[in-house]
Every structure is written in structure tokens, then in C-alpha cells.
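Student: Numbering (my numbering), first residue to last: 251 to 562.
Encoded structure:
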């Protein structure tokens, strides 16, 4: 993709580099975490504590679609979903799945974590679907170089276009994001389908303009839960969208990123102002002022605009 030299394109390009670079490093960490430990693989491993998870999918008028299957994937893996054959990828990446009854209810045991629930009313549940998918973190131990390359291409496409999620749906399936599973029981109650319960956090400089340097923002809830965003795109630079939030106070915080594409470039964590906001259940926009150390700001300004030059 060829990018122009306007300030907006430069901002979007730099932010896209930040998204791709950070995502690639996260994937590397995931692979390391998934790899078996040779020192401890000789004996039986204790599985993580399973949690009883229940909930009910409802529409705006509290009627239900009824039937179908709900798939569970880790929230921070949404960036890995391609724009083609997306639901097939969801099934492959799912840690497990559960049957949804005619009243929209589901019940299962699930390991702890921050999950996205993908509810497909058109897929009949089978015990085979409940098994971890071939690309789930439960099964996936190490990606081949070809798989890593394909994955980075998907992440790059999503950084340009945005995730393949629109109006709370992936194709004909619904998605409910940022749901934290904790032992011993997590009852999510009634979850509205397709409802816009989002907060858009806009990263701006001290002069009020959208940032033109790499930055990565997340939210922390009242229980210390960390919420994952839909990250900025070429058309929405500086905008981090957090979906399906519960009404409560949130605090924005920054993740350290590299100001340059070199692997040995130092990691910089900016300071933020105006980080707290109260979410009452309706969409809002909240601006956060981002400040870089003087040395990091100079380095950011000296970088080329094209994210294609970033090393992964």
C-alpha cells in the first residue's frame, strides 16, 4: 500500500507500524509461552483451574435468537482474524465451544482469561466443536516461518482496514468482547447482541492534535482487569476502540513501544494525562494527552512514514 505524505497519512502509517510491531512481539511471546518446558515435561502437568461459565444472549427487545453454538477465543487474538473465511478461522482458533439453547442460554467449564464470545446461531453444536481448535492456544505450540509470515500479513491488513468486525458481528455471527472468566464461577447474565457499548480513546499531543508517533493504549477496570482495544487504522489514526464495556470507571494506560523499526531500538513508555473516565453504558469519546520524553520524541520525528520498512 502506497501512502501519501500528508500529516494524516504519516500519522496513520506510523501508528500502523506500532500496531504491527507490537502484535508481532506479542505473537513471539505467545509462541514461547505455548512451547513445552523440557525441564518439566517429564511428569504430569496440572491443568489450569476450570471455571463454571454461564450466560444468556438476548436481543434489544430481550427476545432471543435461540440455538446454535458459541465459540470462545482469547480477546487479544482478534487481531489474527482475516477478512476472508473469518468464521472458519474463529472455529480453528477457539479454545472450546458450547451449545446455546432455544432461550439463548449456555453453560460450560472454561479456563480463566479474557475472552471474546462468538455466537453463531447457524452452527449446530457438536461435541467435536467443543474440542480445542487446531489453532487454539491449547493446541498451537510453535508456528512455522510460513505461518508467522501469513499471520503478520493478516495483522498488517487489519492495521490498515480494521478488524473484520462490524456492528458487533462477524458475518452472520455475533461477538461479545472483553469477558473475563474467573474461578470458581463466572455468570455473565444477559448479554445484548449487537449493542454498542464502546468507548473510543483518542491519543492526542499537548497541542490537541492526534499523535504522530507510535503509541499503544489499553484500559484497566476496577478489578485490575486489562481491556484490549480495536487499534488505530489508516482511516482512524490515534483511535483505540474498547467494545462491550461494563458500566464502571476505567483508567487508560500506555504500553511501551519502539519509536524505530530496528529490533534493538529502545522501548519507550509515554506519560499520559486525563486518563480516567466513567463509562455509563452508552458510547463515548475520551481524549488522552500523550507525552514522550524529549529524546524519544526526536527519534519518532526522524522515522520514515512507511510501515513496510519495519522489521519483525
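For every residue, glycine included, the Cβ atom is placed at its ideal position computed from N, Cα and C.
If you're wondering where the values come from, they're calculated on a predicted model, not measured in any experiment.
#1: Find the nearest neighbour of residue 495 within the set 510, 469, 391, judged by alpha-carbon distance.
#2: DSSP puts residue 536 in a beta bridge; with which residues?
#3: Enumerate in chain order the residues of its own chain whose CB-to-CB distance from residue 327 is below 7 angstroms, with the five nearest sequence positions on each side excluded.
#4: Per DSSP, what are the beta-bridge partners of residue 363 in this structure?
#5: Rounded to whole angstroms, what's the CA-CA distance from residue 348 to residue 491? Just pull it up for me.
#6: Does DSSP put residue 313 in a helix, a strand or coil?
#7: Using the three-state DSSP reduction, which class does residue 469 fall into: helix, strand or coil?
#8: Roughly how many angstroms separate the alpha carbons of residue 284 and residue 362, rounded to a whole number?
#9: Would you mind listing the beta strand (DSSP E) stretches within the stretch 465-519 that are 3+ residues and don't spill past its ends, in chain order?
#10: Which residues mark the beginning and the end of the beta strand (DSSP E) in which residue 302 is found?
#11: Which residues mark the beginning and the end of the alpha helix (DSSP H) in which residue 352 is found?
#12: Could you say which of 463, 425, 301, 312 lies nearest to residue 508 if we only look at CA atoms?
#13: Based on Cα-Cα distance, which residue from 512, 359, 428, 375 lies nearest to residue 351?
#14: Is it a yes or a no for the stretch 430-443 touching the stretch 515-532, going by three-plus beta-carbon pairs under 8 angstroms?
#15: Return the residue from the list 403, 307, 324, 404 that minimises the CA-CA distance to residue 317.
#16: What do you get for residue 312, buried or exposed, if any count of 16 or more other CB atoms within 10 angstroms of its CB means buried?
#17: Under 8 angstroms between the Cβ atoms of residue 460 and residue 453?
Tutor: The short version:
#1: In the chain shown, residue 495 corresponds to position 245, counting from 1. Taking only the C-alpha atoms, the option nearest residue 495 is 469.
#2: Within the chain shown, residue 536 is the residue found at index 286, counting from 1. Its beta-bridge partners are 451.
#3: The sequence position of residue 327 within the chain shown is 77, counting from 1. Cβ neighbours of residue 327 beyond the five flanking positions: 343.
#4: As a working note, residue 363 is residue 113 in the chain shown. Partner(s): 431.
#5: Position 98 of the chain shown, counted from the first residue, corresponds to residue 348. Position 241 of the chain shown, counted from the first residue, corresponds to residue 491. Cα to Cα, the separation comes out at about 28 angstroms.
#6: What you label residue 313 is simply residue 63 of the chain shown in a count that begins at 1. Residue 313: coil per DSSP, three-state reduction.
#7: In the chain shown, residue 469 corresponds to position 219, counting from 1. Three-state DSSP puts residue 469 in a strand.
#8: Within the chain shown, the letter at position 34 stands for residue 284. Within the chain shown, the letter at position 112 stands for residue 362. Interpretation of residue 284 is limited by its pLDDT of 42, a score under 50 that renders its predicted location unreliable; no figure is taken from the coordinates.
#9: 466-470, 489-492, 498-505
#10: If you number the chain shown from 1, residue 302 lands on position 52. Run containing residue 302: 301-308, per the beta strand (DSSP E) assignment.
#11: Numbered from its first residue, the chain shown carries residue 352 at position 102. Taken as a continuous stretch (DSSP letters only), residue 352 belongs to no alpha helix (DSSP H), as it is neither H nor E.
#12: Reading the chain shown from its first residue, position 258 is the one you call residue 508. Closest by alpha carbon: 463.
#13: One-based indexing of the chain shown puts residue 351 at position 101. It is 375.
#14: no
#15: Indexing the chain shown from 1 puts residue 317 at position 67. When each option's Cα is compared against that of residue 317, the closest is 307.
#16: Within the chain shown, numbered from 1, the residue matching residue 312 stands at position 62. Answer is exposed; the Cβ neighbour count stays below 16.
#17: Numbered from its first residue, the chain shown carries residue 460 at position 210. Numbered from its first residue, the chain shown carries residue 453 at position 203. Yes; because the gap between Cβ atoms is below 8 angstroms, this pair is in contact.
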